[in-house]
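Asker: Before I ask anything, let me first share the structure, which is written out below as structure tokens.
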Amino acid sequence: MFTADGYVIFHGANAWREGRFAEDTEDNNGTKFVELIIAAARAGGGYVEYFWDDPTVEGDEDTGSPKVSYALSFTSDFDVYTGQEFIIGAGFYRNFSTAEAETAAEDWLHRFGRSVATQAMEMIGNRVSHLHRMEDHVTVGGRGVDFGFLRGRDNPYGALLDGSSFQVTPGAANGGGGYSLWGGGEVMRFNSGDGEGFGEGEVTTAAVGGDYGFGPLVAGLAVTYSSGSGRFELGRPGDDDFGDVSTTLTSGFPYARLLITDRLLTWGVLGYGSGLLGVEGGGEVDPDSDITMQMAGLGIRGELIRSEAPTDLELAVRADGFIARMHSAEVEGRRELSTDASRARLMFEALKEFGLGAATLQPQLRVGMRQDGGEVDSGFGMEVGGGMSYLRHNGTLAIRLHGRRLVMHQEEEYEEWGLGGSLSVNPGGGGQGLSLGVRPSWGSTASDVTRLWAQGAAGLTAGGHDYGSRRLDAEIGYGVRAWGARGLLTHYAWVVLYEQLGA
Numbered sequence: 008m009f010t011a012d013g014y015v016i017f018h019g020a021n022a023w024r025e026g027r028f029a030e031d032t033e034d035n036n037g038t039k040f041v042e043l044i045i046a047a048a049r050a051g052g053g054y055v056e057y058f059w060d061d062p063t064v065e066g067d068e069d070t071g072s073p074k075v076s077y078a079l080s081f082t083s084d085f086d087v088y089t090g091q092e093f094i095i096g097a098g099f100y101r102n103f104s105t106a107e108a109e110t111a112a113e114d115w116l117h118r119f120g121r122s123v124a125t126q127a128m129e130m131i132g133n134r135v136s137h138l139h140r141m142e143d144h145v146t147v148g149g150r151g152v153d154f155g156f157l158r159g160r161d162n163p164y165g166a167l168l169d170g171s172s173f174q175v176t177p178g179a180a181n182g183g184g185g186y187s188l189w190g191g192g193e194v195m196r197f198n199s200g201d202g203e204g205f206g207e208g209e210v211t212t213a214a215v216g217g218d219y220g221f222g223p224l225v226a227g228l229a230v231t232y233s234s235g236s237g238r239f240e241l242g243r244p245g246d247d248d249f250g251d252v253s254t255t256l257t258s259g260f261p262y263a264r265l266l267i268t269d270r271l272l273t274w275g276v277l278g279y280g281s282g283l284l285g286v287e288g289g290g291e292v293d294p295d296s297d298i299t300m301q302m303a304g305l306g307i308r309g310e311l312i313r314s315e316a317p318t319d320l321e322l323a324v325r326a327d328g329f330i331a332r333m334h335s336a337e338v339e340g341r342r343e344l345s346t347d348a349s350r351a352r353l354m355f356e357a358l359k360e361f362g363l364g365a366a367t368l369q370p371q372l373r374v375g376m377r378q379d380g381g382e383v384d385s386g387f388g389m390e391v392g393g394g395m396s397y398l399r400h401n402g403t404l405a406i407r408l409h410g411r412r413l414v415m416h417q418e419e420e421y422e423e424w425g426l427g428g429s430l431s432v433n434p435g436g437g438g439q440g441l442s443l444g445v446r447p448s449w450g451s452t453a454s455d456v457t458r459l460w461a462q463g464a465a466g467l468t469a470g471g472h473d474y475g476s477r478r479l480d481a482e483i484g485y486g487v488r489a490w491g492a493r494g495l496l497t498h499y500a501w502v503v504l505y506e507q508l509g510a
């Protein structure tokens, strides 16, 4: 309790402060917070935030801990104090301040927006880059299912398989234009190093799309659902020196691709999405805020050396870029936030197949350079991706290994990496009979220079397990012919062992 001119009348924690002048008292950041408390009280009552030594936290004597006080003004009508104005206030300590929550939310919006835009550009770019040479396919757990019998049917249909890629083109029976359905997903994991600010984060996106081709032009729409989470450190003593940020976003991406020549094509993407942003830590949960995303991107791909036969080497160059804007609405405890992000990339791709009798060995290599724009993790970077696949022609055995690493970035502590592999055994061939699958993975197995992520449907659902640094998928199934031998029905069981992110 203060007088209106700043003298302490009563102090519940430190009686020695009573009777002292306190209006010029400064907090750990040099702010005269008592002056602000008196001003807020005399203005009708209000909250004041400042940093002060929390007696329950060891080591915050120099930095202080966030504290919020509410104060109001009271004019006495007691005989002895008639007309005397008093300031009455009470406060509590928080895990993070409003300014820290806003900084964390703004930094995460930037990372999340750039990640979602990158994933959309990667998936759509992969889709349209090979569209003029692709065949219908469905891939689940490393095994393909032949849906070619759908071509030319009166009632064509497609199926969306979460966490796997597919393409069904019922309308292109005669080699002309037609519509297609496709789906896929990607996960991106990053680490910005130790210390104050963001440490690690993860963004997962699942997509389903459809497009229609007429002549050299293809137009389509992709709908995506993205979820992300990250952890930030506050750089202060105490056990609650961290907070968590989470986001969800549902987006639509109309796109178009123009085939300029049989070796050169270009595409464009627009995007808009809406979702929610949450910040919490130390048992405190700030209100969720509505967020929106807007983006625009362009890409081009040219074949330097074209593979005319399966064993020929193919070399291509691909460039793309985008700009994205994220916006968060004002909520209690956080102001309105906006942030811009961009990325430009130049990649060289090489692919070659080697025949090994009844099998094929397929090495792949990609080298990419990129320029990240924005306020966080910006600068020039280079990453390398590679893989090796061994495929039996009859589908009885498939072995795949792949990995990628960010080998250089202007932000020296920023990291992205991944390594993965798979083993599939199917004695019946063509998906029939008993099948076994084991797929270990370490870290993030997909990013800017990899193809569509295919870790399984469970990893893309909101209730799925966390994408950890180490993971092992084991599957056993039995396939039988169905629908008049035109399809395959597989009964299976799936077990996943994993180490959670940050565990």
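Residues 8 to 510 (this note's numbering) are what the sequence shown spells out, left to right.
We put the beta carbon where it would ideally sit given N, CA and C, even for glycine.
Among all the DSSP beta bridges, which residues are the ones paired with Pro294?
Answerer: Along the sequence shown, one-based indexing puts residue 294 at 287. In the DSSP output, where bridge partners are listed per residue, Pro294 has none listed.
Asker: Tell me which same chain residues have a C-beta within less than 7 Å of the C-beta of Val286, skipping the five on either side of it?
Answerer: For the purposes of this step, residue 286 is taken as residue 279 along the sequence shown, with counting starting at 1. Answer for Val286: Ala108, Ala111, Ala112, Gly250, Val252 and Asp293, listed in chain order.
Asker: Can you tell me whether Pro73 is buried or exposed, with buried defined as 16 or more other CB within 10 angstroms of its CB?
Answerer: Numbered from its first residue, the sequence shown carries residue 73 at position 66. Buried.
Asker: According to the neighbour-count rule (16 or more other Cβ atoms, all chains shown, within 10 Å of its Cβ), is Ala46 buried or exposed?
Answerer: For the purposes of this step, residue 46 is taken as the residue at position 39 of the sequence shown. Classification for Ala46: exposed.
Asker: On the three-state DSSP scale, how would you describe Ile16?
Answerer: Position 9 of the sequence shown, counted from the start, is the residue given in the question as residue 16. Here Ile16 sits in coil by DSSP.
Asker: Would you check if the distance between the CB atom of Gly275 and the CB atom of Leu305 is smaller than 7 Å?
Answerer: For this step, residue 275 is matched to residue 268 along the sequence shown. For this step, residue 305 is matched to residue 298 along the sequence shown. For Gly275 and Leu305, yes; Cβs fall inside 7 Å.
Asker: What does DSSP give as the partner residues of Thr273 in its beta bridges?
Answerer: What you label residue 273 is simply residue 266 of the sequence shown in a count that begins at 1. Looking at the DSSP assignment, Thr273 forms a beta bridge with Leu265 and Ile307.
Asker: I need the straight-line Cα distance from Glu343 to Leu256, nearest angstrom please.
Answerer: Position 336 of the sequence shown, counted from the first residue, corresponds to residue 343. Position 249 of the sequence shown, counted from the first residue, corresponds to residue 256. So the alpha carbons of these two residues sit roughly 18 Å apart.
Asker: Opposite Arg350 in the DSSP bridges: which residues?
Answerer: As a working mapping, residue 350 is identified with position 343 in the sequence shown. Answer by DSSP bridge pairing, in chain order: Phe329 and Asp379.
Asker: Quick check: Leu413 and Met376, are their CB atoms within less than 7 Å of each other?
Answerer: Taking the first residue of the sequence shown as position 1, residue 413 is located at position 406. Taking the first residue of the sequence shown as position 1, residue 376 is located at position 369. Not a contact, by the Cβ cut-off of 7 Å.
Asker: When the Cα atoms are used, what is the spatial distance from Leu265 to Phe221?
Answerer: Position 258 of the sequence shown, counting from 1, holds the residue named residue 265. Position 214 of the sequence shown, counting from 1, holds the residue named residue 221. Straight-line Cα distance between these residues: approximately 10 Å.
Asker: Measure the alpha-carbon distance for Glu315 versus Arg270 and round it to whole angstroms.
Answerer: Against the sequence shown, residue 315 aligns to sequence position 308. Against the sequence shown, residue 270 aligns to sequence position 263. The alpha-carbon atoms of Glu315 and Arg270 are separated by roughly 12 Å.
Asker: I want to know whether the region 229 to 239 touches the region 112 to 121 - three or more CB-CB distances under 8 Å.
Answerer: Contact between the region 229 to 239 and the region 112 to 121 is present, because at least three Cβ pairs lie under 8 Å.
Asker: For the alpha helix (DSSP H) that contains Phe40, what are its first and last residues?
Answerer: Translated into the one-based positions of the sequence shown, residue 40 becomes position 33. Per DSSP, Phe40 belongs to the alpha helix (DSSP H) from Phe40 to Arg49.
Asker: Can you give the Cα-Cα distance for Tyr421 and Ala124, rounded to whole angstroms?
Answerer: Here residue 421 refers to the residue found at position 414 of the sequence shown. Here residue 124 refers to the residue found at position 117 of the sequence shown. Straight-line Cα distance between these residues: approximately 19 Å.
Asker: Between the C-alpha atoms of Gly159 and Val135, what's the straight-line distance to the nearest angstrom?
Answerer: Within the sequence shown, the letter at position 152 stands for residue 159. Within the sequence shown, the letter at position 128 stands for residue 135. Per-residue confidence for Gly159 stands at a pLDDT of 44, beneath the threshold of 50, marking its modelled position as unreliable; no derived number is given.
Asker: Whose C-beta lies closer than 7 Å to the C-beta of Ala323 among residues of the same chain, with five residues either side of it excluded?
Answerer: The residue labelled residue 323 in the question sits at position 316 within the sequence shown. These residues qualify, in order along the chain: Arg308, Gly309, Glu310, Leu311 and Glu356.
Asker: Answer with yes or no whether the minimum CB distance from Val338 to chain D is below 7 Å.
Answerer: Protein chain content of the structure displayed is limited to a single chain, and chain D is not contained in it.
Asker: Alpha carbon to alpha carbon, what distance is there between Asp84 and Gln91?
Answerer: As a first step, residue 91 is located in the sequence shown; it is residue number 84 there, counting from the start. As a first step, residue 84 is located in the sequence shown; it is residue number 77 there, counting from the start. Using only the alpha carbons, I get a separation of about 8 Å.
Asker: Can you give the Cα-Cα distance for Phe156 and Leu188, rounded to whole angstroms?
Answerer: As a first step, residue 156 is located in the sequence shown; it is residue number 149 there, counting from the start. As a first step, residue 188 is located in the sequence shown; it is residue number 181 there, counting from the start. Unreliable positioning characterises Phe156 in this predicted model, as indicated by a pLDDT of 42, which lies under 50. A coordinate reading is not provided.
Asker: Would DSSP call Arg118 helix, strand or coil?
Answerer: If you number the sequence shown from 1, residue 118 lands on position 111. Helix, per DSSP.
Asker: Pull up the distance between the alpha-carbon of Asp218 and that of Ala351, whole angstroms please.
Answerer: In the sequence shown, the residue the question calls residue 218 occupies position 211. In the sequence shown, the residue the question calls residue 351 occupies position 344. Taking the straight line from one Cα to the other gives about 25 Å.
Asker: Please return the same chain residues whose Cβ sits closer than 7 Å to the Cβ of Gly71, not counting the five positions on each side in sequence.
Answerer: Along the sequence shown, read from residue 1 onward, the residue named residue 71 stands at position 64. Correct list, in chain order: Asp34, Asn35, Phe58, Trp59 and Asp60.
Asker: Rounding to the nearest angstrom, what Cα-Cα distance links Val194 and Ala365 in this structure?
Answerer: The residue you call residue 194 lines up with position 187 of the sequence shown. The residue you call residue 365 lines up with position 358 of the sequence shown. Between Val194 and Ala365, the C-alpha separation is close to 34 Å.
Asker: Tell me whether Met128 sits in a helix, a strand or coil according to DSSP, three-state version.
Answerer: As a position in the sequence shown, residue 128 is number 121, starting the count at 1. It is helical.
Asker: Pick helix, strand or coil for Ser253, following the three-state DSSP scheme.
Answerer: As a working note, residue 253 is residue 246 in the sequence shown. If DSSP states are grouped into helix, strand and coil, Ser253 belongs with the strands.
Asker: Less than 7 Å separating the beta-carbons of Val41 and Ala29?
Answerer: What you label residue 41 is simply residue 34 of the sequence shown in a count that begins at 1. What you label residue 29 is simply residue 22 of the sequence shown in a count that begins at 1. Yes.
Asker: Can you tell me which of Tyr88, Phe99 and Gln301 puts its alpha carbon nearest to the alpha carbon of Arg62?
Answerer: The residue you call residue 62 lines up with position 55 of the sequence shown. For the sequence presented, residue 62 should be read as Pro rather than Arg. It is Phe99.
Asker: Do you know how far the Cα of Val75 is from the Cα of Val15?
Answerer: Looking up residue 15 in the sequence shown gives position 8. Looking up residue 75 in the sequence shown gives position 68. Rounded to the nearest angstrom, the two C-alpha atoms are 18 Å apart.
Asker: With DSSP collapsed to three states, give me the class of Thr89.
Answerer: Translated into the one-based positions of the sequence shown, residue 89 becomes position 82. The answer is coil: DSSP assigns Thr89 none of H, G, I, E or B.
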